[in-house]
Amino acid sequence: MSISNPPKNKWRVFACIALFFGCGFSDAAPGALLPTIESYYGINYSIASLIWVANAGGFIIIACFSDKLQPWFDRRNSLVLGCVLCCIMYAIISSGADHPALVVKYPAIVFAFLLGGAGFGTLISQCNVFISRLEGSSLYLSYLHGSYGIGATISPLVVTTMVGRGIPWHYFYMILLGIMIANCMNIYFAFTGADKDLLPWEESVTAGFDRDTSDDRSNNGFAMQTFTQAQSQPQQNTPSDMVLALKNPV
Numbered sequence: 679m680s681i682s683n684p685p686k687n688k689w690r691v692f693a694c695i696a697l698f699f700g701c702g703f704s705d706a707a708p709g710a711l712l713p714t715i716e717s718y719y720g721i722n723y724s725i726a727s728l729i730w731v732a733n734a735g736g737f738i739i740i741a742c743f744s745d746k747l748q749p750w751f752d753r754r755n756s757l758v759l760g761c762v763l764c765c766i767m768y769a770i771i772s773s774g775a776d777h778p779a780l781v782v783k784y785p786a787i788v789f790a791f792l793l794g795g796a797g798f799g800t801l802i803s804q805c806n807v808f809i810s811r812l813e814g815s816s817l818y819l820s821y822l823h824g825s826y827g828i829g830a831t832i833s834p835l836v837v838t839t840m841v842g843r844g845i846p847w848h849y850f851y852m853i854l855l856g857i858m859i860a861n862c863m864n865i866y867f868a869f870t871g872a873d874k875d876l877l878p879w880e881e882s883v884t885a886g887f888d889r890d891t892s893d894d895r896s897n898n899g900f901a902m903q904t905f906t907q908a909q910s911q912p913q914q915n916t917p918s919d920m921v922l923a924l925k926n927p928v
């Protein structure tokens with residue numbers, strides 16, 4: 679499988695790179711917003727840090743089911759699911775208001791980051807698996823993670839500028855919501871028919887893995903058989919050089 683075979687892979691690689699830019703743009707924002715969030719909710723650093731704990735929890739949950747997502751939902755729908763979870767996160771956070779009675783409670787923000795972690799975990803794992811199976815994958819992986827780094831570099835500059843000009847901090851997540859909706863649509867159309875297009879290469883990878891596993895089992899079985907035979911052979915009672923020297927002194 680290459681960047682041009684099947685031909686739609688060019689679009690798919692571009693979609694993954696654009697998606698990773700959005701992920702980096704999102705991931706770098708909470709650190710820059712931390713003092714603002716603490717002041718907005720009247721909480722200390724320990725309580726504010728729960729958003730990162732929840733985010734990590736989302737990644738851990740997805741890691742437990744990462745090998746099941748594609749068989750359950752197929753490749754395209756797995757990516758769309760990750761985008762939807764991120765969109766829910768952004769919708770919850772961006773719905774905050776300046777009126778105290780309408781402010782989204784902090785536990786809801788923490789729960790939103792849990793969903794976001796699950797969404798990002800799904801997107802990152804699926805994109806990495808797809809890109810890593812391309813010919814020359816190291817080049818495309820560098821583009822993929824480079825786009826993440828570019829997004830993570832730009833994001834703090836944007837959010838601190840917004841907050842510095844008096845724009846409510848949660849409005850930034852409206853921007854993220856728009857970016858993720860665009861990425862979701864792009865991913866949906868780019869990966870339409872992906873399972874059928876990529877099936878020959880998926881089967882070759884699976885066959886190669888099964889063959890390697892079979893070879894390893896055969897080698898292990900041969901080694902165990904050789905060891906067992908060596909242990910079962912009777913030891914020859916040949917006298918050592920020291921015993922011969924004592925019996926035949928010079």
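Residue 928 is where the sequence shown ends in our numbering, and the numbering goes up by one at each step. Glycine included, C-beta positions come from ideal geometry on N, C-alpha and C.
| Asked | Found |
| --- | --- |
| Tyr849: buried (16+ other C-beta within 10 angstroms of its C-beta) or exposed? | exposed |
| Along the alpha helix (DSSP H) that carries Ile740, what are the first and last residues, could you check? | 728 to 772 |
| At the level of alpha carbons, what is the spacing between Val762 and Trp730? | 20 angstroms |
| For Gly963, is the classification buried or exposed, using 16 other Cβ atoms within 10 angstroms of its Cβ as the cut-off for buried? | No statement about residue 963 is possible, as the shown extent of the chain runs from 679 to 928 and does not include it. |
| Short of 8 angstroms in beta carbon distance, which residues of its chain neighbour Ala693, apart from the five on each side in sequence? Order them along the chain. | Asn861, Asn864, Ile865, Ala868, Phe869 |
| Can you confirm whether the stretch 798 to 808 touches the stretch 731 to 744 when touching is taken to mean that 3 or more C-beta pairs between the two stretches lie within less than 8 angstroms? | yes |
| My output table needs one value for Ser680: the three-state DSSP class, helix, strand or coil. | strand |
| Is it the case that the stretch 821 to 833 contacts the stretch 692 to 706, given that we only count it when at least three CB pairs across the two stretches are under 8 angstroms? | yes |
| Hey, could you find the ends of the alpha helix (DSSP H) Phe869 is sitting in? | First-last for Phe869: undefined, no H or E at that position. |
| Leaving aside the five residues before and after Asp752 along the sequence, list all residues of the same chain whose C-beta is less than 6 angstroms from its C-beta, in chain order. | Asp873 |
| Would DSSP call Pro846 helix, strand or coil? | coil |
| Could you check whether Ser833 and Ser704 sit closer than 9 angstroms to each other, using their CB atoms as the reference points? | yes |
| Could you have a look at Lys688 and say whether DSSP puts it in helix, strand or coil? | helix |
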